[in-house]
Each structure stands twice: as structure tokens, then as C-alpha cells.
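Using our numbering, read the sequence shown as starting at 726 and increasing by one per residue.
Glycine is no exception: its CB is placed at the ideal position from the N, C-alpha and C atoms.
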Amino acid sequence: MPTRIAGQIGREILEGRIAPGEKLPTEHLLAKTFGVSRSVVREAIAQLRNEGLVETRQGVGAFATEFERRQSLRIEQGDPGDRMVFQNLYQLRIPLEIEAAGLAAVHHTDEDLARLDEALEQMTGAERWTEHGIVADLAFHRAVATATQNEYFPLFIGFISERISLAIQAARAKAVLEEIVEVTIAEHVGIRDAILSRESGAARQAMRYHLTQAAARLDLTLEAD
Numbered sequence: 726m727p728t729r730i731a732g733q734i735g736r737e738i739l740e741g742r743i744a745p746g747e748k749l750p751t752e753h754l755l756a757k758t759f760g761v762s763r764s765v766v767r768e769a770i771a772q773l774r775n776e777g778l779v780e781t782r783q784g785v786g787a788f789a790t791e792f793e794r795r796q797s798l799r800i801e802q803g804d805p806g807d808r809m810v811f812q813n814l815y816q817l818r819i820p821l822e823i824e825a826a827g828l829a830a831v832h833h834t835d836e837d838l839a840r841l842d843e844a845l846e847q848m849t850g851a852e853r854w855t856e857h858g859i860v861a862d863l864a865f866h867r868a869v870a871t872a873t874q875n876e877y878f879p880l881f882i883g884f885i886s887e888r889i890s891l892a893i894q895a896a897r898a899k900a901v902l903e904e905i906v907e908v909t910i911a912e913h914v915g916i917r918d919a920i921l922s923r924e925s926g927a928a929r930q931a932m933r934y935h936l937t938q939a940a941a942r943l944d945l946t947l948e949a950d
């Protein structure tokens with residue numbers, strides 16, 4: 726999955742095995758190396774870009790960021806089996822994404838809506854039962870963060886995106902796949918429609934509903950509702 730690939734490439738960059746300014750292998754080669762689809766590789770590169778370790782150049786490729794342009798904040802992935810770590814990061818996710826939805830309703834552009842619709846189209850397509858559906862789910866949340874027009878939202882939400890993917894995988898494992906996928910899609914459609922309406926309150930409410938429902942599917946007990 727994207728987190729594993731991003732973690733491995735990130736370590737190579739931080740340890741100097743991929744030098745600052747060096748071009749990364751192509752998506753095709755990375756997909757072949759890791760045995761995944763190109764969409765999974767793109768999500769991994771997006772995570773590294775949010776962490777400030779990678780820069781992408783249109784039509785050229787991805788490059789390890791030069792030292793002086795790297796972000797100083799990086800969150801290392803903890804033990805996925807540590808329930809408290811997982812719950813604490815999920816708790817952090819909620820206020821960030823609720824506020825992001827509200828700001829996205831006010832500030833989104835046509836390009837932002839196109840990205841949301843593209844992610845929804847992938848989520849509702851024939852591959853929604855596979856890892857591609859999870860990648861599309863991540864892309865949707867990333868598009869909401871980008872639509873805030875505040876560079877720090879995609880940065881911080883990107884830092885916990887691997888936990889979002891773990892949440893999706895865990896939820897799928899705990900329920901009948903057809904039911905969980907259809908419910909999740911409906912919740913995302915509600916978020917998209919609220920953002921389209923430019924009603925920030927409705928967008929926040931739709932995101933809150935989705936995240937609290939997802940928490941319930943994971944049997945998470947949150948301290949605030």
C-alpha cells in the first residue's frame with residue numbers, strides 16, 4: 726500500500742541513498758519494483774510530497790527535495806497495532822478534516838471540484854472493491870484539503886494519511902465489504918455535494934458525520950462528539 730512504499734522511499738531519501746535533487750524512478754518502474762499499480766505509486770509520491778521530501782515537475786517526474794527546501798515536520802509511522810496511537814491520531818484527524826471541509830466549501834475552485842469528482846468516479850467504479858477504491862478514498866480527502874487554498878491543510882492531513890488508509894482497511898475487514906463500500910461512498914457524495922453548495926456549515930456537518938460513522942465502524946471511543 727502507499728504508506729509502505731512512501732516509508733521505504735522516504736528512508737532512502739533521509740539516509741542519503743537518494744541524493745537531494747536526484748530524480749526518482751518512473752511510476753512504471755516503481756510499480757513494477759513494488760508489485761503494485763501506478764495509482765498506488767502516485768499516492769505514495771503524494772504522501773512524500775506532503776512531507777516535503779519529494780517535488781514533482783509536470784511532465785518530468787519526481788525528485789528528492791533539496792535540503793534547504795525540505796519541510797522540518799515529519800511524523801514517523803508508529804505501531805499499527807497500538808490502539809492508543811491509532812485512536813490519538815484519529816482524534817487529531819477529526820477537527821482538521823471538519824475544518825478543511827468548511828473552508829473547501831468557501832474557497833474551492835472548478836479544478837478542486839474536478840478532483841473531487843474524479844476521486845468519486847474511481848470510488849464508485851468497478852474497482853471500488855479493490856485497493857484502488859482505498860487509493861481513491863485517500864485522493865478524495867486530499868482533494869478536500871487542497872480545496873481549502875491553505876497549504877498547511879494538505880501538509881498536515883498528508884502526515885496522517887497513512888492512518889486514514891489503515892482506518893479504511895480496518896473498517897473493510899470488520900464489515901461486509903459491499904455494505905461498507907456503499908455506505909462510505911454515500912457519505913463522500915454528501916461531503917462533495919455540501920462543498921459544491923458553498924455552505925460551510927453543511928460541509929462541516931457532512932464531514933463530521935462521515936468521520937464519526939467511520940470511527941463507530943472501527944469501534945473507536947472518542948472523547949468529544
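Around the beta carbon of Leu-739, a 10 Å sphere encloses fewer than 16 other beta carbons of the protein chains shown; the residue is thus reported as exposed.
Per the coordinates, the alpha-carbon of Ser-762 lies some 13 Å from the alpha-carbon of Ala-861. Following the DSSP letters along the chain, one finds Val-779 inside the beta strand (DSSP E) bounded by residues 779-782. Look at Gly-746 here: in three-state DSSP terms it is coil, with no helix or strand label. Among the bridge pairs identified by DSSP, Ala-787 is matched with Thr-781. By the Cβ neighbour-count rule, Arg-782 is exposed, with fewer than 16 other Cβ atoms within 10 Å of its own. Around the beta carbon of Ala-844, 16 or more other beta carbons sit within 10 angstroms, so the residue counts as buried. Closest by C-alpha distance to Glu-776, out of His-833, Ala-731, Gly-915 and Ile-910, is Ala-731. Of all C-beta pairs linking the segment 828-847 to the segment 938-946, fewer than three are shorter than 8 Å, placing the two stretches out of contact. Using a Cβ distance threshold of 9 Å, Gly-746 and Ala-787 do not count as a contacting pair. In this chain, the alpha helix (DSSP H) harbouring Glu-836 covers 835-849.
Apart from the 5 residues on each side of it in sequence, Ala-870 sits with its Cβ closer than 7 Å to the Cβ of Ala-825, Phe-878, Pro-879 and Ile-882 in its chain, given in chain order.
In terms of CA proximity to Val-779, Leu-749 leads the group Leu-749, Phe-759, Ala-756 and Ser-764.
Rounded to the nearest angstrom, the gap between the Cα atoms of Thr-834 and Arg-774 is 22 Å.
Bounds of any alpha helix (DSSP H) do not take in Thr-751, whose DSSP letter is neither H nor E. For Val-831, the CB contacts under 6 Å within the same chain, skipping 5 residues up- and downstream, are Ser-925 in chain order. By a beta-carbon distance limit of 8 Å, Ile-905 does not contact Thr-849. Their separation comes to about 14 Å.
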